[in-house]
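Under the working numbering, the first residue of the sequence shown is numbered 1, with each subsequent residue one higher. Step one of this worksheet: look at the structure below.
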Amino acid sequence: MRALTWLHHQFADLLSDFVLPGLAALLPQRWMNRLLWQAAGLAWLFPDSAQAIEPSENACFGEVSDLRRRWAWTTLVEAAQAWRLIFGLRPRLTVNGHWPQEPGFIAAGMHYGTGIIALWHLRHCGLRPRFVFRPVARNDLPGRPVKRAWYRLRTRLIKQLCPNGPITTGGASQRISQALHEDRSTPVLLFDTPTQEPGDWCMRVGQAEIPLRSGGARRFGQTGTPVAFFVVTVNPDTGESELAITRLDPHRPVQEQVMEYMEQAMKHDPGQWLLWRGVEGLFRH
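Okay, here's the thing in structure tokens:
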């Protein structure tokens with residue numbers, strides 16, 4: 001039974017990370033969307049996702065509907081957009097708003113929709129993004145070599161999109177400050193990382209809240225550094241991504257504004273939040 005479970009995971013990961021999104025990346029947009037929506041309905045393609053997501057969905061909304069499928073669809077579309085970039089193709093994207101023309105600002109976002117496109121668009125606009133992230137470690141994802149290979153491929157793509165190199169967590173604050181001081185690149189931070197530690201910075205989702213790490217937002221919100229918030233939403237009818245860019249008001253607290261935009265995205269379509277799997281037990285009323 002254990003061997004069959006292992007084989008199931010490898011086959012599912014091969015399809016969901018490589019075969020299906022890689023094929024979808026080359027299809028016309030509407031065909032891509034139809035293929036990935038149908039694939040998202042296959043529960044076996046995302047092992048244990050129902051058990052992981054449905055308790056959180058019930059805690060937030062008091063019922064279980066199609067959130068797991070919308071999360072799976074978003075995950076597949078995000079992978080397909082990444083494959084388009086790997087293949088050297090332009091992402092399927094519309095843009096609403098503008099980045100500041102010069103470096104020296106922070107691009108603030110969240111794990112939502114097809115966010116990797118934001119790195120490409122920063123490069124496309126002549127800026128030099130430096131994505132702040134935690135790369136996959138050797139001991140991560142035990143028993144999932146195919147999944148680990150996908151994350152390593154994504155890390156390689158991130159490095160290609162960040163000409164000055166990404167910034168890995170662990171002493172990241174100093175390197176972000178240095179990048180801002182040098183005024184040559186644009187740090188890209190995602191502010192919706194959940195934590196098990198209780199705190200006063202929580203994101204409301206439905207009728208529940210989830211505590212988030214607040215260090216980055218608090219620290220850089222006190223420096224007076226310009227911040228542009230971005231979110232990349234996927235149109236469920238067409239599969240096209242829309243990048244919305246908003247420059248934050250320098251006269252209002254950064255934390256307050258970032259939280260407003262993140263909660264607005266979660267109200268628009270909570271199924272496009274990519275972190276539903278892995279936050280079990282963190283939501284509170």
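Beta carbons: idealized from backbone N, C-alpha and C, even for Gly.
- Put simply, of M262, V279, P142 the residue whose alpha carbon is nearest the alpha carbon of Y112 is M262.
- Counting the other CB atoms within 10 Å of its CB gives H121 a total of 16 or more, which places it among the buried residues.
- Residues A40, G41 of the same chain have their beta carbon placed closer than 7 Å to that of R69, with the five preceding and five following residues left out of the count.
- Between A50 and A43, the CB-CB gap stays under 8 Å.
- Secondary structure of E197 (DSSP, three-state): coil.
- Counting only residues of its own chain and dropping the five nearest sequence neighbours on each side, V258 has a CB closer than 7 Å to the CB of A108, F191, A217, F229.
- For M203, the enclosing beta strand (DSSP E) covers residues 202-205.
- The Cβ atoms of A82 and L141 do not sit closer than 8 Å to each other.
- About 26 Å separates the beta carbon of M110 from that of A12, a gap too long to meet the 8 Å contact definition.
- Counting other Cβ atoms within 10 Å of its Cβ, A3 stays below 16 and is therefore classed as exposed.
- Here the alpha carbon of P163 sits roughly 43 Å from the alpha carbon of V64.
- In the three-state scheme derived from DSSP, where H, G and I count as helix and E and B as strand, F229 is classed as strand.
- Between P103 and S173, the C-beta spacing is not below 8 Å.
- By the Cβ test, the segment 79-98 is in contact with the segment 240-256, since at least three Cβ pairs between them sit closer than 8 Å.
- Burial of F105 is indicated by the presence of at least 16 other C-beta atoms within 10 angstroms of its C-beta.
- Between the alpha carbons of L180 and R284 lies a distance of about 36 Å.
- In this structure K267 is exposed. Its beta-carbon is surrounded by fewer than 16 other beta-carbon atoms within 10 angstroms.
- When DSSP states are grouped into helix, strand and coil, R30 belongs to the helix group.
- The C-alpha of A25 lies about 25 Å from the C-alpha of G126.
- Secondary structure note for E242: its beta strand (DSSP E) is the uninterrupted segment 241-247.
- Excluding its 5 nearest sequence neighbours in each direction, T195 has C-beta neighbours in its own chain below 6 Å: P211, R213, listed in chain order.
- Per the C-alpha coordinates, the member of L45, L20, W37 positioned closest to V234 is W37.
- Taking C-alpha positions only, P145 is separated from Q10 by approximately 7 Å.
- Taking the C-beta atoms as reference points, V132 is found nearer than 8 Å to P187.
- Of the residues assessed, D17 falls on the buried side of the cut-off, its CB having 16 or more other CB atoms within 10 angstroms.
- In terms of Cα proximity to R152, the closest of H124, V136, P166 is V136.
- When the Cα atoms are used, T155 and Q29 turn out to be separated by approximately 25 Å.
- For F11, the enclosing alpha helix (DSSP H) begins and ends at 2-13.
- For L14 and D249, the gap between their C-alpha atoms comes out near 44 Å.
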